[in-house]
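So the protein lines, in turn, are chains E and Z.
Using this note's numbering, you'd call the opening residue of the first sequence number 169 and step up by one each time.
Using this note's numbering, you'd call the opening residue of the second sequence number 330 and step up by one each time.
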Amino acid sequence: MKVFLAFVKKEFYHIFRDKRTLLVLFGMPFAQLILFGYAITTEVSNASIAVYNQSPGQFSEQLIDKLVSSDFFTVSNRIASQSEILETFRQNKAKLVIIIPPDFENKFSRNEAEIQLIADGSDPNLATILGSSANRIIQSWMNELLKSKGANLSMNTIIPEVRWHYNPELKSVAMFVPGVVTIILMLVSAMLTSISITREKELGTIEILYVSPLKPVLIIIGKVVPFAMLSILNAIFILVMAYVIFNVPVNGSIALLLMESMLFILTALSLGVFISTVAASQQTALMLSLFALMLPTILLSGFIFPISNMPWPLQIISNIIPAKWFLIIIKTIMLKGLGIVYIWKETLILLGMTLGLIALSIRKFKIRLQ
Amino acid sequence: MSDKTVITAKDLSKRFGDFTAVNTISFDVRQGEIFGFLGANGAGKTTAIKMLCGLSKPTSGEASIAGFDIYKQTEEIKKHIGYMSQHFSLYQDLTIRENIRFYAGIYGLKARQIKERSIELISDLGLDDYTDRFVKELPLGWKQKLAFSIAVIHNPSIVFLDEPTSGVDPITRRQFWGLIYEAAAKGITIFVTTHYLEEAEYCDRVSIMVDGLMHDLDSPKALMEKYNKPTMNDVFLQIAIRNSRKEK
Chain E
169 MKVFLAFVKK EFYHIFRDKR TLLVLFGMPF AQLILFGYAI TTEVSNASIA VYNQSPGQFS
229 EQLIDKLVSS DFFTVSNRIA SQSEILETFR QNKAKLVIII PPDFENKFSR NEAEIQLIAD
289 GSDPNLATIL GSSANRIIQS WMNELLKSKG ANLSMNTIIP EVRWHYNPEL KSVAMFVPGV
349 VTIILMLVSA MLTSISITRE KELGTIEILY VSPLKPVLII IGKVVPFAML SILNAIFILV
409 MAYVIFNVPV NGSIALLLME SMLFILTALS LGVFISTVAA SQQTALMLSL FALMLPTILL
469 SGFIFPISNM PWPLQIISNI IPAKWFLIII KTIMLKGLGI VYIWKETLIL LGMTLGLIAL
529 SIRKFKIRLQ
Chain Z
330 MSDKTVITAK DLSKRFGDFT AVNTISFDVR QGEIFGFLGA NGAGKTTAIK MLCGLSKPTS
390 GEASIAGFDI YKQTEEIKKH IGYMSQHFSL YQDLTIRENI RFYAGIYGLK ARQIKERSIE
450 LISDLGLDDY TDRFVKELPL GWKQKLAFSI AVIHNPSIVF LDEPTSGVDP ITRRQFWGLI
510 YEAAAKGITI FVTTHYLEEA EYCDRVSIMV DGLMHDLDSP KALMEKYNKP TMNDVFLQIA
570 IRNSRKEK
């Protein structure tokens, strides 16, 4: 045990004396959370729209007022002719144009009115969001209007009222916090571990360790323990920051969340150890961690792109990404506030992956020693 | 030097596929002896050392180190040997004191022993004023001497040195050999590989390896007489050129 502690102490010296490691450890979670929390947001506020009102009148102006008063939109310009629509998009003055046809006011009283929304499709995500937001506002406006007239709504219209459960304000940061935790844990655990082991290979110090009475398993555990400790601290740090800065609470059990995080950290650490058995240099280890781990983790875990929208080959591949399963777990606990009953399957999958990776690394390690 | 044998190797071989890195080498090393292992790069010296240290399993043959079998008792062997590789083997981002403590620690020395030995080691090397300096700030020669002293901090019965003086200037090399003599005088067996042939003359006995085979083994004086050459350099060249593989 004392021997082991001497080893872990040495690892901490390495970590705290290397500026780059420290930056990855403590700078990155902060930067990512701020970045995803503030900059990369899918919420719409004050988006510029243009209005082509060919039927000025009481109702059309009321509609425009309603759109603007929602804080979603501001009217950047008013258009007077058909040809200006394209020009608006070209000059990037607006992402959405609302066209109110000439007969709008007349038809409105007969409940037959139509309007057209044209969105700039060069930014498909934004276009979809703007379109549906405008749609929603128009619907609710008509709703109110008809109600005030005393009309019987249920007669011929079904007006769906959509509510978002678990994240009622549709805060995108609530989505990103689980994602950032996942990425940081993966990155810190896997990349830093693999680099720290390959560094000893490069320096040749690993041979001295192999020749010493330290057992190889102990060397690996000694390498992994400091990063496991720092990773769990990191996870706590991100969760606290998410709560303090962005007001995203953990709805479920914090103890369960930390335990699941520990499991995921273990998965990532064993991936890191595995990478270090394959890679001979720090460079290779870094490249492998970035391209073989980071990209799939970001792209295929469902963090940014929903897995259900992917073509089926990618959906199948996504199953081998540990982050996919952890993301389901952490979302279920954090946002839905549910317990282990709902995530035991994902937990088992992660556990299986971890055990598999550990077995694989140990085998690789032994082959190396032959 | 006593008559006790601490290393025995018999027909030790290591093959990687078709390539035979070490080919049936046999030798004995006595306690306190400085045993030189000579050969050009790629002659199989490092592979042989790795087998003796338990880092690599032999393909065939037998060997025992400090009385322990290299197949079955590698754990015991590791406790009784020290090792210094041709790559630089201290941690650059640790201070002198931290390096000493770390290596003494992983050999299971007690806190009191670590304290005593590090004081002794530091004063022997004259490093008293530098204990809190990072190793990366030291000149290469100092690092090598420190690495050697750390390799024997747990009083091993044998220390394996794999080209310990490569890249070191002649004066430091001479001082380094001073440390080796001191260790040998304390009864530590020195097993050293080198391609600096003047160093071969410092050894009690040298073996000359060419392409995995051990071609001769004797004291430097006997070898020079046998081949009728004035220096070990000439002896080595004659053996190496006559026996090297055709394809080279």
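Positions of the beta carbon are idealized from the N, C-alpha and C atoms, including for glycine.
Could you spell out the range, first to last residue, of the beta strand (DSSP E) harbouring residue 182 of chain E? Per DSSP, residue 182 of chain E belongs to no beta strand (DSSP E); it is in the alpha helix (DSSP H), 170-185.
Distance between beta carbons of residue 521 of chain E and residue 435 of chain E, contact taken as under 8 Å = 6 Å
Below 8 Å on the Cβ atoms is my guess for residue 425 of chain E versus residue 502 of chain E; work out the distance and round it to an integer in Å. 7 Å
Taking DSSP as the reference, what is the three-state secondary structure of residue 505 of chain Z?
helix
Proximal residues of chain E, C-beta to C-beta of residue 417 of chain Z below 9 Å: 371, 372, 373
Review point. At which residue ranges does the stretch 357-423 of chain E contain complete alpha helix (DSSP H) runs of 4 or more residues, listed in the order of the chain?
Key: 360-371, 373-379, 384-414
Taking Cβ-Cβ distances shorter than 8 Å, what residues in chain Z pair up with residue 174 of chain E?
-> 430, 431, 434, 435
key: Cα-Cα separation between residue 507 of chain E and residue 229 of chain E, rounded to whole angstroms   = 50 Å
(Q) Please give me, in chain order, every unbroken run of the beta strand (DSSP E) with length at least 3 that falls completely inside the stretch 398-431 of chain Z. (A) 410-413
Residues bridged to residue 218 of chain E [DSSP beta-bridge criterion]: E/245, E/265
Checklist entry - Can you list the residues of chain E that residue 427 of chain Z reaches, using a CB-CB cut of under 8 Å? => result 178, 181
>> In whole angstroms, give me the CA-to-CA distance for residue 544 of chain Z and residue 399 of chain Z.
In response: 23 Å
Check your understanding: With a CB to CB cut of under 8 Å and the five nearest residues on each side skipped, what residues in its chain are close to residue 497 of chain Z?
Key -> 469, 470, 473, 505
Taking all protein chains shown into account, do 16 or more other C-beta atoms lie within 10 angstroms of the C-beta of residue 402 of chain E, making it buried, or fewer, making it exposed? buried
Would you please state the rounded distance, in angstroms, between the beta carbons of residue 418 of chain Z and residue 373 of chain E? I believe it to be under 8 Å.
Rounded to the nearest angstrom, the Cβ distance from residue 418 of chain Z to residue 373 of chain E is 6 Å, consistent with a contact under 8 Å.
Query raised in the report: Which two residues bound the contiguous alpha helix (DSSP H) that contains residue 538 of chain Z?
Result: Looking at the DSSP string, residue 538 of chain Z is not in any alpha helix (DSSP H); the run it does join, the beta strand (DSSP E), is 534-539.
- Comparing the C-beta of residue 414 of chain Z with each C-beta of chain E, is any distance below 8 Å? Taking a beta-carbon distance threshold of 8 Å, residue 414 of chain Z counts as an interface residue toward chain E.
Worksheet entry | Min CB distance residue 188 of chain E to chain Z below 8 Å | no
Determine the extent of the beta strand (DSSP E) in which residue 353 of chain Z is found, giving its start and end residues. 348-359
Straight-line CA distance for residue 427 of chain Z to residue 449 of chain Z? 15 Å
Residue 410 of chain Z: contacting residues in chain E (beta-carbon distance under 9 Å): 379
Original post:
From which residue to which residue does the beta strand (DSSP E) around residue 488 of chain Z run?
Top reply: 487-491
Practice item. Specify, as a first and last residue, the run of the beta strand (DSSP E) that residue 563 of chain Z falls within. Key: In the DSSP assignment, residue 563 of chain Z falls outside any beta strand (DSSP E) and within the unbroken alpha helix (DSSP H) covering 561-572.
Could you tell me whether any Cβ in chain Z is nearer than 8 Å to the Cβ of residue 376 of chain E? Interface residue, yes.
Cβ pair count under 8 Å reaching 3, the stretch 253-268 of chain E against the stretch 218-238 of chain E
In short, these stretches touch, since the Cβ pair count reaches three.
Q) If you drop the 5 nearest sequence neighbours on each side, which residues of the same chain put their C-beta closer than 7 Å to that of residue 438 of chain E? A) For residue 438 of chain E, where only same-chain residues beyond five positions count, the Cβ hits under 7 Å are 522, 525, 526, 529.
* To do: Please classify residue 188 of chain E: does DSSP put it in a helix, a strand, or coil?
  => helix
Exercise. What residues of chain Z sit near residue 540 of chain E, judged by a beta carbon separation below 7 Å?
Worked result: This structure leaves residue 540 of chain E out entirely; chain E is present only between 169 and 538.
Quick check: is any heavy atom of the ligand NAP less than 7 Å from the C-beta of residue 390 of chain Z? Judged by which ligands are present, the structure shown has none, so any question about the ligand NAP falls away.
- Message: On the CB-based measure, 16 or more other CB atoms within 10 Å of its CB, does residue 312 of chain E come out buried or exposed?
- Response: exposed
ask   = Out of E/191, E/364, E/205, which has the shortest C-alpha to C-alpha gap to residue 176 of chain E?
value = E/364
Between residue 322 of chain E and the rest of its own chain, which residues show a CB-CB distance below 6 Å, the 5 nearest in sequence each way excluded?
Only weak support exists for where residue 322 of chain E lies, its pLDDT of 47 falling under 50; the value from the coordinates is given anyway. Excluding residues within five positions, none has a Cβ falling inside 6 Å.
Taking the alpha carbon of residue 499 of chain E as the point to measure from, which residue in E/421, E/455, E/467 has its own alpha carbon closest?
-> E/421
>> Can you tell me whether residue 281 of chain E is buried or exposed? The criterion is at least 16 other CB atoms within 10 Å of its CB, across all chains shown.
In response: That one is buried.
*Thinking C-beta only, is residue 358 of chain E closer than 8 Å to residue 232 of chain E?*
no
Checklist entry - Could you give the residue range of the alpha helix (DSSP H) that holds residue 286 of chain E? => result Premise fails: residue 286 of chain E lies in the beta strand (DSSP E), 284-287, not in any alpha helix (DSSP H).
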